[in-house]
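Following UniProt numbering, the numbering of the sequence shown begins with 1 at its first residue and continues without gaps.
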Amino acid sequence: MKNLLDFLDDENSKIVFRNCRRALEAGKQLKIIVEIINRSSEDYLFSRMTDIHTMAFLNGRLRMKEQLEALLNEFGFRLDSVDQISSLQDSVVDATAI
């Protein structure tokens, strides 16, 4: 799933995660490419401004790792890793259906 969650609010993101979990057997992996807000990043201010823009104009939102992990856990996924793609704002998120 690539850059879809950025354009979805929490309610619509929950629909996506619910459907993904229904489609995946336990132990199967979900890969997500998404922008993660990182407080310790030098791009933190830019990410927050992008988040405000996304909420105001697209009805979506960017999330911090903890927020994404909570959504994944709610629908039966375990967050395995978050790896930032060099020179981009995006990260590759690996989660496993449990």
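Where a beta carbon is used, it is the ideal one built from N, C-alpha and C, also for glycine.
These numbers come from a predicted model, not from an experiment.
Within 9 Å, strictly: CB atoms of M1 and L30: Result yes, Cβ atoms of M1 and L30 sit closer than 9 Å.
Nearest-angstrom beta carbon gap, L24 and A70 [assumed within contact, 8 Å]: Not confirmed; about 19 Å, so no contact.
Cβ pair S81, D94 closer than 9 Å: yes
Whole-angstrom C-beta distance between V34 and D9, which should lie under 8 Å: In fact, because the Cβ distance is near 14 Å, the residues do not count as touching under 8 Å.
Distance between beta carbons of L62 and I37, contact taken as under 8 Å: Going by Cβ atoms, the distance from I37 to L62 rounds to 5 Å, so yes, they are a contact pair.
Coarse secondary structure for A26, derived from DSSP in three states: coil
Test item: CB-CB of K14 and E66 under 9 Å: no
Start and end residues, beta strand (DSSP E) containing Q84: F77 to Q84
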